[in-house]
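Be aware that the sequence shown starts at 138, since it is given in the working numbering, and climbs by one per residue. We put the beta carbon where it would ideally sit given N, CA and C, even for glycine.
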Amino acid sequence: MDQRSLEKKCKFNKRVILFTFLLTIATLIAIWISTFKYYYNEIKCNNVTMEKLPIGSFQEEYKSPNKKYTINSYICSSGGVPDWAVRCEVVNNISGEVRNIYWDYKIKLIDVKWINDNIVSINGHKIDVKNEVYDWRKI
Numbered sequence: 138m139d140q141r142s143l144e145k146k147c148k149f150n151k152r153v154i155l156f157t158f159l160l161t162i163a164t165l166i167a168i169w170i171s172t173f174k175y176y177y178n179e180i181k182c183n184n185v186t187m188e189k190l191p192i193g194s195f196q197e198e199y200k201s202p203n204k205k206y207t208i209n210s211y212i213c214s215s216g217g218v219p220d221w222a223v224r225c226e227v228v229n230n231i232s233g234e235v236r237n238i239y240w241d242y243k244i245k246l247i248d249v250k251w252i253n254d255n256i257v258s259i260n261g262h263k264i265d266v267k268n269e270v271y272d273w274r275k276i
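Shown next as structure tokens:
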């Protein structure tokens, strides 16, 4: 091979290496961006669900002053929860609808006090049972 063909081959190899390097960097950046977007959208935004929480063991029920709502409290200590957790659900006694409104972690005590017919204080967190929830993961 002459000098000229060696220079062309060497130049071609450098281009291939540079292209491969840039493609690898671009792929890593794309993976990082998708991971960040997933974390932000699923964890930090309101997409964290309160529907698939551990059931736990029933502790007590607390009826609202007008008896329209009942708060059922549970202590969760096993399953996917490595430490103690508290889950509370509200039951609409008229429609029968049940939904989780309180989820706290590394806590065993449950202090529930009704403030009025629609607002309850659970461990110091005021929650309007019509449309609010407390989830420690969203803090």
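Unbroken beta strand (DSSP E) run spanning residue i, endpoints
{"i": "Asn237", "result": "235-242"}
{"i": "Lys263", "result": "262-265"}
{"i": "Val228", "result": "222-229"}
{"i": "Trp251", "result": "249-251"}
{"i": "Thr207", "result": "206-213"}
{"i": "Ser194", "result": "194-200"}
{"i": "Val270", "result": "From DSSP, Val270 is part of no beta strand (DSSP E); its letter is neither H nor E."}
Inter-residue spacing [alpha-carbon to alpha-carbon] between residue i and residue j
{"i": "Val257", "j": "Ser214", "result": "24 Å"}
{"i": "Lys204", "j": "Phe195", "result": "20 Å"}
{"i": "Glu234", "j": "Asp220", "result": "29 Å"}
{"i": "Ile166", "j": "Ile208", "result": "47 Å"}
{"i": "Leu190", "j": "Ile162", "result": "39 Å"}
{"i": "Ser210", "j": "Glu198", "result": "6 Å"}
{"i": "Ile168", "j": "Phe158", "result": "15 Å"}
{"i": "Arg236", "j": "Thr186", "result": "11 Å"}
{"i": "Pro202", "j": "Lys275", "result": "29 Å"}
9 Å Cβ cutoff, residue i in contact with chain C
{"i": "Tyr175", "result": "Chain labels in this structure do not include chain C; a single protein chain is all it has."}
For residue j and residue i, believed in contact at Cβ under 8 Å, the rounded distance
{"i": "Asp241", "j": "Trp273", "result": "5 Å"}
{"i": "Val266", "j": "Ile231", "result": "Rounded, the Cβ-Cβ distance is 13 Å, inconsistent with contact."}
{"i": "Tyr271", "j": "Ile252", "result": "Contact doesn't hold; Cβ gap of about 14 Å is too wide."}
C-beta atoms of residue i and residue j nearer than 9 Å
{"i": "Asn268", "j": "Tyr206", "result": "no"}
{"i": "Lys245", "j": "Ile212", "result": "yes"}
Meets three-Cβ-pair contact criterion under 8 Å: the segment 223-241 and the segment 159-179: no
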